[in-house]
Each structure stands twice: as C-alpha cells, then as structure tokens.
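**Student:** The structure under discussion is supplied below as structure tokens; questions concerning it will follow.
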Amino acid sequence: MTDQILSGIVCSVQLDDETKENSLVADFREGWSTVYIVKECENYYEFVNDQFPTCETQLNVTGDGPTPQKHATEDLQLMAEIMIHFMQTGMVYPDCTWEHTIH
C-alpha cells in the first residue's frame, strides 16, 4: 500500500475494525497527507505535525475542504507506520502527537 500511496494511485484509506466503532481515515494529495482515528464513535484523534503544531495555513489534502497544516505531513513513511500500527493494535500510533476531541 505504501508504494501505491507514494505513486499517487491511492488518495484515501479508511480502515474499520469489526465493531465499526473504531476507524482510521487517511487522505493523500499534492505530497501531503492527513490522518485521524475515531475510537468508540465519539473520540476523535487528529494527527498533529510536531514541526508545525500551531500552523493554520490551509492545505488541500482531503477534497472535503481545507486542512490546517498542523494536521498534515509530507512524511508518507510515518503515515504508513501509523496505519500499520492501527491495523495491528486498533490504537493511535504512540510516537507522534494527537489532538483529542469528543464529538
């Protein structure tokens, strides 16, 4: 999947567990990517880029509207690690920062 993301073939990934209450959504566009994880349908964890933790510059990553740069990264290898970790554990990747909100 990493090769397909890097080549631009894949622009969006959604992973759900068997309960459908926990999911990961990642989008890729123009060299940038963003990811968020939903736990128990209401707990949202948005990736925070430690290089730009407060940057509100708007990027076109999802196609659903602008994404603040603080929630995006150009590190596609990190995105692959986040997705693999979620597939294996169902949890947020521990080696990066996440912004938690309840919806």
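Quick note on numbering that gives the first Met the number 0: the sequence shown kicks off at 0 and runs consecutively.
Just so you know, even glycine gets a beta-carbon here, dropped at the ideal spot from N, CA and C.
#1: When we look at the beta-carbon of K19 and count the other beta-carbons within 10 Å, is it buried (16 or more) or exposed?
#2: Over the uninterrupted beta strand (DSSP E) stretch that includes T100, give me the two end residues.
#3: So what's I8 in DSSP terms, helix, strand or just coil?
#4: Does the beta carbon of L23 sit closer than 9 Å to a beta carbon anywhere in chain D?
#5: Run the CB neighbour count on M78, radius 10 Å, all protein chains shown included, and call it buried at 16 or more, exposed below.
#6: Going by Cα to Cα distance, which pick from D94, P67 and R28 is closest to Q3?
#7: Considering F46, what are the terminal residues of the alpha helix (DSSP H) in which it resides?
#8: What three-state label does DSSP hand A71 in the structure shown?
#9: Using alpha carbons as the reference points, say which of T72, T88, V91 and T33 lies closest to G64.
**Tutor:** So, from the data block:
#1: K19 is exposed by the Cβ-count criterion.
#2: Boundaries of the beta strand (DSSP E) around T100: T96 to I101.
#3: In this structure, I8 counts as coil in the three-state DSSP scheme.
#4: Considering every chain present, this structure includes no chain D. It has just one protein chain.
#5: Residue environment: M78 is assigned as buried (16 or more neighbouring CB atoms within 10 Å of its CB, all protein chains considered).
#6: Comparing alpha-carbon positions, the option among D94, P67 and R28 lying closest to Q3 turns out to be R28.
#7: Under the DSSP assignment, F46 falls outside any alpha helix (DSSP H), being part of the beta strand (DSSP E) whose first and last residues are N42 to V47.
#8: In the displayed model, A71 falls within coil according to three-state DSSP, outside both helix and strand.
#9: Of the candidates T72, T88, V91 and T33, the one whose C-alpha sits nearest the C-alpha of G64 is T33.
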